[in-house]
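One point on numbering: in full-length UniProt numbering, the residue at position 170 of the sequence shown is 170, and numbering is uninterrupted.
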Amino acid sequence: MKIIAVGMNYALHNKELGHTLVNKEPVIFMKPDSAILKDGKPFFIPDFSDEVHYETEVVVRICRLGKNIAPRFANRYYDAVTVGIDFTARDLQRKFREVGNPWELCKAFDNSAAIGTFVPLEQAGGDVQQLDFRMEIDGQEVQHGNTSDMLFKVDEIIAYVSRFMTLKIGDLLFTGTPAGVGPVQIGQHLQGYLGEDKLLDFYIR
């Protein structure tokens with residue numbers, strides 16, 4: 001199982017981080033399976049970063065083996081969705097970018113991919129590009145997005161990625177974060193919602 005993630009996929013998030021470049025293709029990065037954090041287990045802030053940010057995203061689960069998938073058929077290759085968090089060591093990311101180095105280490109560390117309970121896409125409304133999602137910290141909303149605002153749609157991303165690598169059953173696609181990212185602190189309670197369904201619920205330690 002692999003985790004495929006999309007960066008800079010919401011315009012307002014790009015603006016808040018100062019990204020002015022308009023990407024003509026999806027920005028793709030990977031996380032290892034050791035990045036998965038699930039079942040409500042706590043996230044422990046790593047000792048190598050002083051600024052870990054939450055990035056709330058819709059996560060799509062791949063349900064079929066696929067390679068070189070045409071965009072018009074891409075909807076056949078996923079069956080369930082949830083809310084997840086792409087934890088990012090922002091201080092490391094800035095450091096790596098300044099010298100032009102790859103920044104996997106700030107994104108792919110252990111437990112950096114929190115995922116909630118998956119629900120069938122039909123239960124979530126049926127249209128992957130009309131999903132409303134949000135994140136609350138200690139009961140206060142900090143991020144709110146809708147997949148209709150994606151710069152690159154889910155089917156486009158799947159078609160694009162499958163040109164380079166085979167998608168397998170159980171692979172996960174993190175689809176990008178809207179504006180409102182910020183740092184996490186010990187003791188905080190994070191809850192992620194898809195529509196009115198709470199799918200993600202855990203603490204920062």
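Ideal Cβ positions, reconstructed from N, Cα and C, are used throughout, including at glycine. Since we're looking at a predicted model, the values are computed, not measured.
- Asp86 places its beta carbon 8 angstroms or farther from that of Thr147.
- A buried status is given to Val59, since no fewer than 16 other beta-carbon atoms sit within 10 Å of its beta-carbon.
- In the three-state reduction of the DSSP assignment, Val161 falls in the helix class, which pools H, G and I.
- In this structure the stretch 71-82 does not touch the stretch 100-112; the number of beta carbon pairs closer than 8 angstroms is below three.
- Close CB contacts of Gln188 within its chain, under the 8 angstroms cut and outside five residues either way in sequence, are with Ile137, Asp138, Tyr203 and Ile204 (chain order).
- Straight-line spacing of the CA atoms in Gly84 and Val6 works out to 13 angstroms.
- Beta-bridge pairing by DSSP links Pro120 to Ala80.
- CA-CA distance, Gly170 to Phe48, rounds to 30 angstroms.
- A distance below 8 angstroms separates the beta carbons of Ala113 and Ile3.
- Judged by pairs of C-beta atoms under 8 angstroms, the stretch 190-198 touches the stretch 114-133, as three or more such pairs exist.
- For Lys95, the enclosing alpha helix (DSSP H) stretches over residues Arg90 to Glu98.
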